[in-house]
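The numbering of the sequence shown is my numbering, which starts it at 1 and goes up by one. We put the CB at the ideal spot given by N, CA and C, even for glycine. These numbers come from a predicted model, not from an experiment. Everything below concerns the one structure shown next.
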Amino acid sequence: MYTIKASTIKRRDAHTMNNSLKKTKLVLLILFALFFTTSAGWAATYYVDSSQGNNNNNGTSQSAPWRTISKVNAGAFRAGDTILFKRGGVWYETLIVKWSGQSGNPITFGAYGSGNLPLIDGQKTRETVLCKGNSYVNFDSIEVRNSTTNGFYLVGDTRSGYALHINFTNCIASRCSHHGFKCGQDVGSSDVTTRYITYENCLSYSNSNIGYQASNGTGNITFRGCIARDNAKNGFRFGSTAGGLMEYCESYNHMDPTYGVGVAIQTSNNAPPCSDIVLRKNRIRNNECGAYIDSGGNHEVYYNLFYSNTRGVSYRSTSGKFFNNTFSNSSQDVSFSSAVQNVEFRNNIYRSLSNSSSGFTSSNNYSGSSPGFVNPYAGDYSLQRTSPCIDAGRYVGLASDINDASVPAGSTVDIGAYEYGGTVSVQLSAPRNLKIIY
Ligand SMILES: [Ca+2]
């Protein structure tokens, strides 16, 4: 019989225990290291309530919120942190963002509770939100108004370089002395610019200059589902922007006889021209000029609706593609200047066109007097069953129309922004939390 002495068992137990202890220590050490190297381990949420808060609270629960933005401005936030302002609250201060998140781990400014968006009101005596030289920051459901400069002002600086990867969702800016939303440097300043900025479902109205301004060397700018209206100058502007996308947006009531433009693509002072801007599936109406495109080239304009603008589109860039747009009810729907060297113009509905370009290629457009719109007086420019535009277009490689209905339906592509009988495969959600004030 094989026997083991009790002392041996004890020794073995002790040995096993030592090993277990070592392993446990090692696991703890790894967890400890992970905790300290992953800043998500520190992520916290802070609450700010303008009426019930107290700056002596720790701010980390809805039952113990801070009160003021100055308390937020004095905070030391880390990547992954969230700062929430209570809905219905109003602050008469400037939010100065001076913290950066990380890729996949942004710092977020948002809202909690119910009711109106939390409002930062500059009362025409101060700025509202300033974010300078920081990256990976999200703004979600914040409203600003009456800034002495811009509502949301985003810029890089010489300390930390470009401001990168900043997202705005469901934010509103109005009645600011300059632009509602601005990203990019001021001309002649020592600031540096901004890249990878996204605006989704935002509203900018009644500002004294531009609704959304991407100025002076910005890049990779996206506007999606945003509204600009009743701003003194442009609704949207790409200024010396390298790479941009504007889709599912509306721009209207910009009627200044000199500067009233739904969307502008222009060169800022001493900066390079714009390149590779895509405008698609937008509704642009009641502007002095729907789209004024005067910079760079290689832009694409497709499946947009332009109506009741004094001028629909004025195109003065070197090259571009215009496919499947519907123009209606303008003094002049579209013009191409002599600066245009190469432009394709196909599948568009229009009445009046002026072309001075030497490189103008055109086919499958409709310029007659009876395009067969369903109800243009109510803004419905989809096609009646008897429209001559149905199946009269040419396939140009696009997969869906202004409503995201599949293209082509029937035998081939229709002319204009609306494909007759197309199946809507993606349901668009309307902008949320937007107050429309007339
Ligand atoms: Ca068709």
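Near ligand 1: residue i beta-carbon under 7 Å from a heavy atom
| i | result |
| --- | --- |
| GLU93 | no |
| PRO257 | no |
| TYR420 | yes |
| PRO273 | no |
| GLY372 | no |
| PRO408 | yes |
| ILE390 | yes |
| ASP414 | yes |
Option nearest residue i by Cα separation, candidates the options
| i | options | result |
| --- | --- | --- |
| THR60 | ASP81, ARG237 and ILE69 | ASP81 |
| SER114 | PHE85, HIS178, SER100 and SER308 | PHE85 |
| MET255 | GLU200, TYR248, ASN209 and GLN266 | ASN209 |
| THR318 | TYR205, PHE360 and ALA79 | PHE360 |
| SER100 | ASN116, LYS124, PHE139 and GLY89 | PHE139 |
| ASN282 | GLU288, GLU250, THR258 and ALA271 | GLU250 |
| SER147 | ILE166, VAL155, LYS182 and ASN116 | LYS182 |
| VAL374 | ASN105, THR386 and GLY393 | THR386 |
| ARG394 | GLY260, ALA409, THR193 and TYR259 | ALA409 |
| ASN270 | GLY244, SER338, ILE390 and GLN185 | GLN185 |
| TYR441 | ALA44, VAL278, GLU288 and ASN57 | This structure does not reach residue 441, given that the chain is present from 1 up to 438, and the question cannot be answered. |
| ILE120 | GLN62, GLY260, GLN102 and ARG145 | ARG145 |
| VAL343 | SER357, VAL72, PRO272 and VAL424 | SER357 |
| GLU247 | TYR205, THR258, GLU300 and SER295 | GLU300 |
| THR108 | VAL72, ASN150 and GLY122 | VAL72 |
| ALA392 | SER411, SER215 and GLY379 | SER411 |
| ALA43 | GLY104, SER63, VAL90 and SER51 | GLY104 |
| TYR205 | SER215, GLY151 and GLY372 | GLY151 |
| ILE172 | PRO388, GLY75, ARG237 and ASN116 | ASN116 |
| GLY122 | ILE96, GLY243 and ALA74 | ILE96 |
| SER363 | SER338, PHE322 and SER370 | PHE322 |
| CYS389 | ARG195, GLY372 and PHE77 | GLY372 |
| PHE238 | ARG195, ASN287, TYR252 and THR258 | ARG195 |
| ARG224 | LEU203, ALA242, GLY422 and SER215 | LEU203 |
| PRO272 | TYR252, ARG280, VAL413 and SER295 | SER295 |
Terminal residues of the alpha helix (DSSP H) in which residue i lies
| i | result |
| --- | --- |
| ILE221 | Counting along the chain, ILE221 falls outside any alpha helix (DSSP H), though it belongs to the beta strand (DSSP E) covering 219–224. |
| LYS281 | That residue, LYS281, is in no alpha helix (DSSP H); it is neither H nor E in DSSP. |
C-beta contact flag for residue i and residue j at 8 Å
| i | j | result |
| --- | --- | --- |
| GLY297 | GLY312 | no |
| ASN134 | LYS98 | yes |
| SER406 | ALA417 | no |
| SER330 | ASN309 | yes |
| LYS402 | LEU305 | With the sequence shown as reference, residue 402 is identified as Ile, and Lys is not the correct amino acid for it. In contact: ILE402 and LEU305 (Cβ atoms closer than 8 Å). |
| CYS226 | ASN201 | yes |
| TYR199 | PHE168 | yes |
| PHE454 | ASN324 | It is not possible to answer for residue 454, since the shown part of the chain is limited to 1 through 438. |
| THR222 | SER240 | no |
| GLY211 | GLY180 | yes |
| THR94 | THR128 | yes |
| ALA111 | ILE142 | yes |
| LEU154 | ILE197 | yes |
| SER177 | LYS124 | yes |
| ILE265 | CYS274 | yes |
| TYR292 | SER314 | yes |
| TYR381 | SER367 | no |
| PRO65 | TYR92 | no |
| ALA228 | GLY217 | no |
| ARG87 | PRO118 | yes |
| LEU353 | VAL334 | yes |
| SER51 | GLY89 | yes |
| GLY262 | ASN287 | yes |
Residue i: first and last residue of the uninterrupted beta strand (DSSP E) it sits in
| i | result |
| --- | --- |
| SER251 | 250–254 |
| THR198 | 194–200 |
| ASP140 | 137–140 |
| CYS389 | Premise fails: CYS389 is in no beta strand (DSSP E) and is neither H nor E. |
| ILE415 | Neither: ILE415 is in no beta strand (DSSP E) and is coded neither H nor E. |
| VAL263 | 261–266 |
| VAL343 | 342–346 |
| VAL374 | 373–375 |
| ILE172 | 172–174 |
| LEU203 | 203–205 |
| ARG229 | 227–229 |
| VAL334 | 332–336 |
| ILE166 | 163–169 |
Closer than 8 Å to chain C by CB, residue i
| i | result |
| --- | --- |
| CYS274 | The structure shown contains no chain C; it holds only a single protein chain. |
Hey, which unbroken runs of the alpha helix (DSSP H) at 4 residues or more fall wholly within the segment 41–129?
69–73
If we require 3 or more residues per run, which beta strand (DSSP E) segments fall completely within the segment 283–323?
283–287, 289–293, 299–302, 305–307, 311–315 and 319–323
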